[in-house]
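Below is one structure, written out as structure tokens; the observations come after it.
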Amino acid sequence: MSVIRGIIILHLVSVCFAAETTKAVSMKTGNQLAVLRFEGWSISEPLTEFLTEELRETIRELEIFQVQDRGLTNEISIFYPRKKDYWACWSEDCAIDLGKRLKVNYVIAGNIQKKDLNEFLISGRLFSVDMETMINEFAMNSSGITDSLLLEMKKMAYNVSGLPVPDTLSVGTDTSEVATAGDIKRKRQWFKLPPIPTKIKALMMSTAIPGSGQIWVQRKYPGYGFLGTEATLGMAAIISYYNYNKAWGGFEENYSSYQDGTDPHTLEKLRPKVIQYAQESRRYNSFMKSIRGVAASIWVVNMVHAYLVAPSDDYFDGEYFFDLEYNPNVNQVQFNFNF
Amino acid sequence: MLIRYNSISIFNLVKVISLCLLVVTFSCEDADYDLDNPFDPSNIDLDPPALFFHPPEINTNLGESISVELYGLKLDPSAGAHFDIRYDWGSVTVDSVIPGPFFTGLNEPMEITVDEQGVLDVFIYFLPDISSDQSQSGTWSIATVYFSTISTGESELLFGPNTTLRDANNELVTINEYGSGYIYVE
Chain A
44 MSVIRGIIIL HLVSVCFAAE TTKAVSMKTG NQLAVLRFEG WSISEPLTEF LTEELRETIR
104 ELEIFQVQDR GLTNEISIFY PRKKDYWACW SEDCAIDLGK RLKVNYVIAG NIQKKDLNEF
164 LISGRLFSVD METMINEFAM NSSGITDSLL LEMKKMAYNV SGLPVPDTLS VGTDTSEVAT
224 AGDIKRKRQW FKLPPIPTKI KALMMSTAIP GSGQIWVQRK YPGYGFLGTE ATLGMAAIIS
284 YYNYNKAWGG FEENYSSYQD GTDPHTLEKL RPKVIQYAQE SRRYNSFMKS IRGVAASIWV
344 VNMVHAYLVA PSDDYFDGEY FFDLEYNPNV NQVQFNFNF
Chain B
3 MLIRYNSISI FNLVKVISLC LLVVTFSCED ADYDLDNPFD PSNIDLDPPA LFFHPPEINT
63 NLGESISVEL YGLKLDPSAG AHFDIRYDWG SVTVDSVIPG PFFTGLNEPM EITVDEQGVL
123 DVFIYFLPDI SSDQSQSGTW SIATVYFSTI STGESELLFG PNTTLRDANN ELVTINEYGS
183 GYIYVE
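The structure is reproduced here in structure tokens:
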């Protein structure tokens with residue numbers, strides 16, 4: 044009874060905490076940028092990936108934006124777990140939604156099309172997540188093979204960063220830029236839950252359903268392993284409980300008859316049944332306790348594993364519990380907590 | 003402000019963990035029992051095979067009818083029995099004797115009763131059938147004696163020295179011990 048009361052109080056307290064939480068709307072706009080993987084039409088997937096990474100690297104080198112790491116950006120497949128992660132994410136809504144999930148201020152989405160034998164069209168869109176609109180749209184024609192495409196991606200990086208394209212890059216290409224940053228209007232934000240770090244979310248998911256946290260962070264084999272193991276143990280526990288329940292029912296029925304009985308002949312028959320059912324119920328209960336112990340241990344290991352394998356969110360500053368950052372004032376890398 | 007966000011995460015986590023712990027630590031009850039029923043043959047202080055009165059003590063009122071079973075404890079198979087029952091004929095009178103299941107096979111047993119001044123002789127015979135010529139073994143009620151109380155006081159029930167059981171070969175069936183009974187009339 045006291046356990047149930049404690050849990051109810053715990054729920055009430057947590058609900059109170061949640062109800063009192065408010066988040067101040069900040070107008071601060073950062074420079075964090077995520078480059079979604081470009082969509083390739085009639086060109087190979089590795090090449091698309093390579094060109095996208097080239098764009099990331101170039102923008103990063105230009106130091107206008109703080110470019111999110113590829114690994115972190117690819118975490119978006121957690122939210123959109125499909126084979127081609129960003130295909131069909133060309134619209135404003137989709138890109139901004141992904142940007143919010145990735146906790147960045149800007150998102151670049153684009154595609155590379157092979158139009159002719161040696162002619163490519165590279166299209167890119169720059170979205171502002173904070174302003175929830177598309178800022179720029181770029182389209183570049185390239186009439187070369189891989190080297191030319193690399194060049195185009197570099198030029199697009201300059202365009203995105205708002206820097207003039209160096210002369211060394213502007214040979215034999217046709218670049219156009221479409222400005223679309225008009226009528227910018229911030230959408231009203233209603234109640235928004237605070238962000239939960241990925242590690243904590245994976246931990247909570249695996250705490251609720253073993254393996255679900257791992258599956259969510261794309262560690263599917265360990266996730267299914269934990270899930271399957273716990274499911275097997277759960278089934279074994281259910282079968283044991285069924286047998287225990289049966290034995291317990293037999294025990295209660297016979298023991299009750301034994302206690303109330305007055306006929307020696309009947310009592311003589313009931314006595315071994317009581318002993319038999321009691322032994323069976325003890326055996327099954329003991330088995331269930333063993334299963335519980337093993338399952339609990341695996342559950343804890345699963346929780347720890349989910350926390351460890353989940354990607355950390357400490358790439359950017361200030362959002363979560365802790366992060367690692369370089370402090371130029373003291374010329375040291377610092378480990379910061381946010382409390 | 004950030005600490006509040008973290009608080010929510012931590013509280014949610016605590017909630018989930020506490021629910022899981024509740025499931026994990028919930029355990030089923032172990033069977034706990036005492037086989038101490040006084041009528042249980044294992045709790046009757048007699049050396050089997052034995053004969054005893056069931057129940058061994060009866061509290062009743064004047065003018066009421068009572069019944070006492072003549073019980074065999076772990077008896078060997080038998081074909082006939084002679085019960086020599088001693089009772090206080092000033093306190094109770096014998097109304098009737100009904101054979102119990104011990105000698106009942108496919109046929110009902112044959113029974114003869116002779117009641118003379120505190121001595122009740124009961125003869126019961128197993129009637130052979132197609133499957134057996136004697137009773138099965140075990141703990142069984144052999145007969146039920148119905149008494150009526152006629153005066154207050156204590157009346158002791160005893161098995162007399164002529165009490166015997168015989169098998170189908172007319173051999174004596176071993177009886178190690180005899181129990182006694184009491185009737186308290188108020």
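Taken in sequence, the protein lines are chains A and B.
Take the position in the first sequence, starting the count at 1, then add 43; the result is the number in this note's numbering.
Take the position in the second sequence, starting the count at 1, then add 2; the result is the number in this note's numbering.
Glycine is no exception: its CB is placed at the ideal position from the N, C-alpha and C atoms.
Here the structure is a predicted model, which means the values were calculated and not measured.
Backbone CA spacing between residue i and residue j [nearest angstrom]
| i | j | result |
| --- | --- | --- |
| residue 128/A | residue 255/A | Caution is warranted here: a pLDDT of 48 is assigned to residue 128/A, below 50, making its placement in the model unreliable, and the coordinate value is therefore given only provisionally. For residue 128/A and residue 255/A, the distance between alpha carbons rounds to 20 Å. |
| residue 349/A | residue 257/A | 5 Å |
| residue 197/A | residue 354/A | 29 Å |
| residue 185/A | residue 85/A | 15 Å |
| residue 200/B | residue 341/A | In the structure as shown, chain B starts at 3 and stops at 188, and residue 200/B therefore has no counterpart that could be examined. |
| residue 186/B | residue 35/B | 32 Å |
| residue 98/A | residue 199/A | 7 Å |
| residue 250/A | residue 265/A | 15 Å |
| residue 346/A | residue 247/A | 8 Å |
| residue 103/B | residue 298/A | 24 Å |
| residue 51/B | residue 79/B | 11 Å |
| residue 290/A | residue 272/A | 27 Å |
| residue 144/A | residue 178/A | 19 Å |
| residue 107/A | residue 276/A | 54 Å |
| residue 174/B | residue 286/A | 48 Å |
| residue 142/A | residue 110/A | 12 Å |
| residue 172/B | residue 81/B | 8 Å |
| residue 149/B | residue 328/A | 51 Å |
| residue 308/A | residue 302/A | 14 Å |
| residue 81/A | residue 183/A | 14 Å |
| residue 69/B | residue 30/B | 44 Å |
| residue 205/A | residue 76/A | 14 Å |
| residue 326/A | residue 146/A | 54 Å |
| residue 370/A | residue 132/A | 37 Å |
| residue 372/A | residue 172/A | 31 Å |
| residue 103/A | residue 207/A | 16 Å |
| residue 190/B | residue 84/B | No answer is possible for residue 190/B: the residues shown for chain B start at 3 and end at 188. |
| residue 320/A | residue 95/B | 45 Å |
| residue 270/A | residue 253/A | 5 Å |
Those residues which DSSP pairs with residue i across a bridge
| i | result |
| --- | --- |
| residue 84/B | 125/B, 166/B |
| residue 89/A | Answer is none; residue 89/A lacks a bridge partner. |
| residue 71/B | 56/B, 146/B |
| residue 350/A | According to DSSP, which records beta bridges pairwise, residue 350/A is partnered with nothing at all. |
| residue 109/A | 75/A |
| residue 155/B | 187/B |
| residue 180/B | 53/B |
| residue 61/B | 186/B |
| residue 243/B | Here chain B has residues from 3 to 188 only, and residue 243/B is not among them. |
| residue 101/B | 145/B |
| residue 160/B | 88/B |
| residue 94/B | 151/B |
Chain-ordered neighbours of residue i on chain A, where CB pairs are closer than 7 Å
| i | result |
| --- | --- |
| residue 48/B | Correct list: empty, because the minimum Cβ distance to chain A is about 11 Å. |
| residue 143/B | 308 |
| residue 35/B | 298, 317, 321 |
| residue 2/B | Absent from the structure is residue 2/B, since the part of chain B shown begins at 3 and ends at 188. |
| residue 73/B | 307 |
Proximal residues of chain B, C-beta to C-beta of residue i below 8 Å
| i | result |
| --- | --- |
| residue 310/A | 39, 41, 42, 43 |
| residue 42/A | No answer is possible for residue 42/A: it lies beyond the span of chain A, which begins at 44 and ends at 382. |
| residue 328/A | 29, 30, 31, 32 |
Within chain B, the residues that residue i reaches when beta carbons sit closer than 7 Å
| i | result |
| --- | --- |
| residue 286/A | Neighbours of residue 286/A on chain B: none; closest Cβ ~11 Å, over 7 Å. |
Contact list for residue i against chain B, beta-carbon separation under 9 Å
| i | result |
| --- | --- |
| residue 304/A | 39, 41, 42 |
| residue 314/A | 37, 39, 42, 43, 44 |
| residue 301/A | 35, 37, 39, 42 |
| residue 294/A | 33, 35 |
Checklist entry - Does the segment 269-288 of chain A come close enough to the segment 330-342 of chain A that 3 or more CB-CB pairs lie under 8 Å? => result A contact between stretches requires three or more CB pairs, one per stretch, nearer than 8 Å, and the segment 330-342 of chain A meets this requirement with the segment 269-288 of chain A.
Checklist entry - In chain order, which continuous runs of the beta strand (DSSP E) of length 3 or greater are located wholly inside the segment 148-189 of chain A? => result If we require 3 residues or more, the beta strand (DSSP E) runs fully inside the segment 148-189 of chain A come out as 149-157, 163-171, 176-185.
Checklist entry - Counting Cβ pairs, one atom from each stretch, are 3 or more of them under 8 Å apart for the segment 235-253 of chain A and the segment 135-143 of chain A? => result Short answer: they don't touch.
Checklist entry - In chain order, which continuous runs of the alpha helix (DSSP H) of length 4 or greater are located wholly inside the segment 234-301 of chain A? => result Taken in chain order, the whole alpha helix (DSSP H) runs of length 4 or more contained in the segment 234-301 of chain A are 241-251, 255-259.
Checklist entry - Is it true that the segment 74-90 of chain B meets the segment 174-187 of chain B, where meeting means three or more beta-carbon pairs spaced less than 8 Å apart? => result Judged by Cβ distances under 8 Å, the segment 74-90 of chain B makes contact with the segment 174-187 of chain B, as three or more pairs qualify.
Item to check | Cβ contact (3+ pairs, closer than 8 Å) linking the segment 51-64 of chain B and the segment 137-154 of chain B | outcome: Because the criterion of three Cβ pairs below 8 Å is met, the segment 51-64 of chain B and the segment 137-154 of chain B touch.
Checklist entry - Are the segment 37-47 of chain B and the segment 163-171 of chain B touching by the rule of at least three beta carbon pairs closer than 8 Å? => result Result no; under three Cβ-Cβ pairs closer than 8 Å.
Checklist entry - Would you call the segment 104-111 of chain B and the segment 128-143 of chain B in contact, with 3 or more CB pairs under 8 Å? => result Touching, yes, given that three or more Cβ pairs across the two stretches are closer than 8 Å.
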